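Sequential numbering of the sequence shown, starting at 78, is according to our numbering. Where is the CB? At the ideal position from N, CA and C, for every residue including glycine. Predicted model only: the values in this text are computed from it and were never measured.
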Amino acid sequence: VTGWLAGHYGRRTLLSLSVGLFSLATYGCGAAGSLEELIFWRIVQGAAGASLPPLAQTIVFCTFPKRQHGVVIGLYGIGVVMGAFLGPMIGGVMAEYYSWRWAFYILVPVSALATVGLRLVMPPDDEKTHVRLNWTGFLLLSISIACVQLVLSRGQRLDWFDSPEIIAEAFIAALAFYLFLTHSLTSERPFLNLRLLLNRNYAIGLILVTIYGMLNFTPMVILPGLLRDYVGFPDSLVGYVVGSRGIGAMCAFFTAMFIGQKYPRKSILAGFLAQVTAGLWLMSFDLNVTPLILIVNGIVQGFAVGLIWVPLTVVTFSTIKPQDMDETSAVYHLLRNIGSSFFISMTVTQIVRSTAMNYEHMTELISPFNPSLLMPWVMGAWDLDRLQDLALPSKEISRQAAMISYLNAFGLYTLASAVAIPLILLVAKPGKAAAAR
């Protein structure tokens with residue numbers, strides 16, 4: 078609905094209100110006195126922040142000529158990455174030395190300053206469009222997306238499709254999406270103009286940005302649990318490791334400013350190949366991995382992210398008309414978020430189930446009747462002839478079972494990176510994209 082709101086109220090007004098409400102919701106998260114209150118403010122925070130990426134990107138595209146899009150998207154990306162770079166590090170330090178609440182409080186003055194800056198610097202909108210919102214399409218798409226998010230967030234807890242609730246939510250999501258497609262193709266003024274998908278670069282860009290979303294946030298979600306619970310890193314060190322991605326991303330953004338627009342396919346290809354390299358490297362880690370190795374790997378991941386984002390964004394919107402920019406940007410970022418939610422949910426499910434299976438299989442091998450364990454250099458001080466010593470290997474087995482599961486998750490990450498590579502060959506250069514529409 079970002080495109081309709083921006084046209085109805087103006088981009089400046091909508092952006093200012095969104096940032097202001099985001100600031101208020103962030104303070105509410107920090108001051109929450111219960112889990113229910115925290116969830117409420119997180120919902121408000123998500124609703125306020127949903128329009129920020131597409132609006133900001135649209136303003137950047139519409140303010141500068143196309144020949145400068147590579148540079149300005151690179152600069153815009155640096156600002157985005159700075160948040161991802163500083164957030165985990167500052168949040169980790171705050172959580173370890175003060176309180177988790179300060180991870181929210183520290184954002185309030187920054188958000189308030191951004192609100193004031195928008196009102197002072199950004200000029201008022203020249204004109205506003207008062208197009209009626211297609212409520213049927215909006216409600217159908219909202220129901221579908223809401224049900225998909227419920228399936229992804231509650232699936233692991235309810236054992237996925239063994240639960241009647243998950244089956245019902247998945248059915249409603251599929252039915253609502255089917256009705257949305259039917260309505261959009263037959264309505265004179267659809268909520269989303271699906272005919273924009275006939276634009277070759279835009280259609281391929283949506284697929285690639287979905288994969289990009291799958292890859293971008295998953296390591297940031299699963300690595301902290303591995304490093305804190307099984308490797309034994311403190312929260313502050315985990316923040317530094319996760320935040321190291323920002324170093325590589327900033328370097329890549331500067332690189333992509335100059336080569337991304339001239340050689341977009343090569344830049345995107347190099348980025349996904351770097352993702353594959355980082356994934357294969359992650360698959361070789363064990364529980365003795367050092368912080369330095371993890372930081373270097375994070376820099377490679379970040380470099381891949383930055384190398385992909387600038388040319389992918391430029392070629393996706395290279396032939397989109399200015400009046401369609403709000404709508405297409407919103408869909409672009411929506412699919413990025415859905416891809417991220419889907420892959421994170423799938424990865425976490427794989428880790429939880431695989432850990433239990435690995436533990437069960439490995440404990441079967443711990444027995445006084447296993448001849449391999451009779452060797453003194455295998456068991457060390459553990460004596461399986463004594464009943465009390467049978468429980469001693471349990472903790473180590475749990476660690477190793479979890480590590481195997483994380484390695485499998487890194488394998489999924491690598492596979493998703495490789496799947497994107499053939500699609501890059503279908504991307505047309507910005508100068509030729511208009512002929513491919």
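(message) Could you give the first and the last residue of the continuous alpha helix (DSSP H) run that contains A223?
(response) 212 to 231
(message) Quick check on DSSP: helix, strand or coil for L411?
(response) helix
(message) Spatial neighbours of A479 within its chain, please: C-beta separation below 7 Å, excluding the five flanking residues on both sides.
(response) Y307, T432
(message) Measuring straight from C-alpha to C-alpha, what distance separates T424 and Y289?
(response) 15 Å
(request) Apply the 10 Å Cβ neighbour rule to N404 and answer buried if 16 or more other Cβ atoms are within range, or exposed otherwise. (result) Note on identity: in this sequence residue 404 is Glu, with Asn being the wrong assignment. With 16 or more other Cβ atoms within 10 Å, it is buried.
(request) Give the DSSP-derived three-state secondary structure of M199 in the structure shown. (result) coil
(request) Compute the Euclidean distance between the alpha carbons of P399 and T393, then round it to the nearest angstrom. (result) 13 Å
(request) Answer yes or no: the CB of S128 versus the heavy atoms of the ligand HEM, is any distance below 7 Å? (result) The model on display carries no ligand, and the ligand HEM is accordingly not part of it.
(request) Can you have a look at C139 and say buried or exposed, based on whether 16 or more other CB atoms are within 10 angstroms of its CB? (result) exposed
(message) Distance check for P241 and F349, CA to CA, integer angstroms please.
(response) F349 and P241: Cα-Cα distance of roughly 38 Å.
(message) Taking its Cβ as the centre, do 16 or more other Cβ atoms sit within 10 Å of S111, making it buried, or is it exposed?
(response) exposed
(message) In this structure, how does DSSP classify V504 when only helix, strand and coil are distinguished?
(response) coil
(request) For the region 347 to 366 and the region 479 to 495, state whether three or more C-beta atom pairs, one from each stretch, are separated by less than 8 Å. (result) Touching, yes.
(message) Whole angstroms are fine: how far does the CA of F117 sit from the CA of C106?
(response) 8 Å
(request) State yes or no: is the C-beta of L384 within less than 8 Å of the C-beta of A351? (result) Remark: C-beta atoms of L384 and A351 approach each other more closely than 8 Å.
(request) Measure the Cβ-Cβ separation of Q233 and T367 and say whether it is below 8 Å. (result) no
(request) Pull up the distance between the alpha-carbon of L218 and that of M402, whole angstroms please. (result) 19 Å
(message) Please classify P341 as buried or exposed, where buried requires at least 16 other C-beta atoms within 10 Å of its C-beta.
(response) buried
(request) Determine the extent of the alpha helix (DSSP H) in which L346 is found, giving its start and end residues. (result) 341 to 359
(message) Could you give the first and the last residue of the continuous alpha helix (DSSP H) run that contains Y175?
(response) It is not in any alpha helix (DSSP H) - Y175 carries neither H nor E in the DSSP assignment.
(request) Spatial neighbours of V185 within its chain, please: CB distance less than 7 Å, with the 5 preceding and 5 following residues excluded, ordered by chain position. (result) S100, T103, Y104
(request) Report the rounded CA-to-CA distance for H46 versus S475, giving the unit in angstroms. (result) This structure cannot settle anything about residue 46, because the visible part of the chain is limited to 78 through 514.
(request) Reducing DSSP to helix, strand and coil, say where S100 ends up. (result) helix
(request) Note down, in chain order, each residue of its chain lying with its Cβ closer than 8 Å to the Cβ of N414, except the 5 sequence neighbours on either side. (result) If we look at N414 and ignore the five residues flanking it on each side, its Cβ neighbours are G290.
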